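Take a look at the structure set out below.
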Amino acid sequence: RHMTELCRHSSRHAGSIGDKEATDYIEKTLTEDGFTCHREEFAVRGWEFNSFEFYDQTAGCDAVGAEAQYFSGSCDYVGRLYSIKEAELSSLDSLPVEGKVCFIDTEKAGGPFKKNAIAERLEALGAVGVIFIASDYMGNYPSTKTVRSPFIEKIACVAVTPLLALYLKASSEHIFRLK
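Put into structure tokens, the structure is as follows:
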């Protein structure tokens with residue numbers, strides 16, 4: 017019964033209404049079972065998901081199939097995406113990424129630890145955003161946990177479905193807005 021109740025709250029990312037409802041339920045249940053509960057509040061980095069936008073200004077349409085990554089930073093960027101190919105991942109320090117949103121143009125960027133390391137390095141080099149092709153997704157919705165590094169402070173991290181990745185590859189001259 018507890019799992020059913022907790023799963024009822026579809027989105028429980030930090031600070032969301034679902035997070036508060038799930039926390040209230042857990043506290044109520046533990047208190048009823050005789051435990052003393054104490055809540056501690058602390059700041060959590062994260063995107064303000066109500067305002068996430070990925071828009072192709074050249075085509076005049078939303079880039080459907082993109083999701084902001086929990087616990088990443090955010091940005092307000094308008095410009096072309098800077099494409100980074102698989103062969104370039106080992107030489108990020110030599111690429112002109114400062115002030116850009118980088119599209120990691122390969123599905124072979126590795127698992128979360130490798131993607132975390134790429135995002136962390138791009139942040140250190142001054143990139144404002146990074147877009148990864150998600151390896152897990154449902155329809156038009158990639159996972160919100162493709163990147164989840166506790167060391168990311170500013171860089172906006174986004175995951176896209178393979179279908180949207182194909183569109184981004186074909187639209188390399190387009191101007192995008194990521195906000």
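So the mapping is simple: this note's numbering equals the position in the sequence shown, first residue as 1, plus 16. Think of the CB as a built atom: it goes at the ideal place given N, C-alpha and C, for glycine as much as any other residue. Bear in mind the structure is a predicted one, so any value in this text is a computation, not a measurement.
- The beta strand (DSSP E) runs lying completely inside the region 51-100 and spanning 3 residues or more are 70-72, 82-84, 93-95, 98-100, given in chain order.
- Just measuring C-alpha positions, the residue of Gly126, Glu21, Ala82, Glu114 sitting nearest Leu182 is Ala82.
- If you draw a 10 Å sphere on the C-beta of Ser165, you find 16 or more other C-beta atoms in it, and that means buried.
- For the set Cys53, Asp92, Lys36, the Cα lying nearest the Cα of Val144 is the one of Asp92.
- Shortest Cα-Cα distance from Gly142 to any of Lys161, Glu114, Pro128 involves Glu114.
- CA-CA distance, Ala172 to Ala135, rounds to 9 Å.
- Boundaries of the beta strand (DSSP E) harbouring Leu194: 192-194, taken from the DSSP string.
- Taken atom to atom, the span from the alpha-carbon of Leu111 to that of Asp152 is near 28 Å.
- Excluding sequence positions up to five before and after Ser188, its CB lies within less than 8 Å of the CB of Arg96, Leu97, Ser99, all in the same chain and listed in chain order.
- Glu123 is positioned such that its CB atom lies closer than 8 Å to that of Pro178.
- Within the same chain, Ala84 come within 7 Å of Phe68 by CB-CB distance, once the 5 residues on both sides are set aside.
- Remark: C-beta atoms of Ile147 and Val174 approach each other more closely than 8 Å.
- Leu138 is a Cβ neighbour of Leu108, given a cutoff of 8 Å.
- In this chain, the alpha helix (DSSP H) harbouring Phe129 covers 128-140.
- In chain order, Asn132, Glu136 place their CB closer than 8 Å to the CB of Phe167, counting only its own chain and leaving out the 5 sequence neighbours on each side.
- The Cβ-Cβ distance between Ala38 and Leu180 does not fall below 8 Å.
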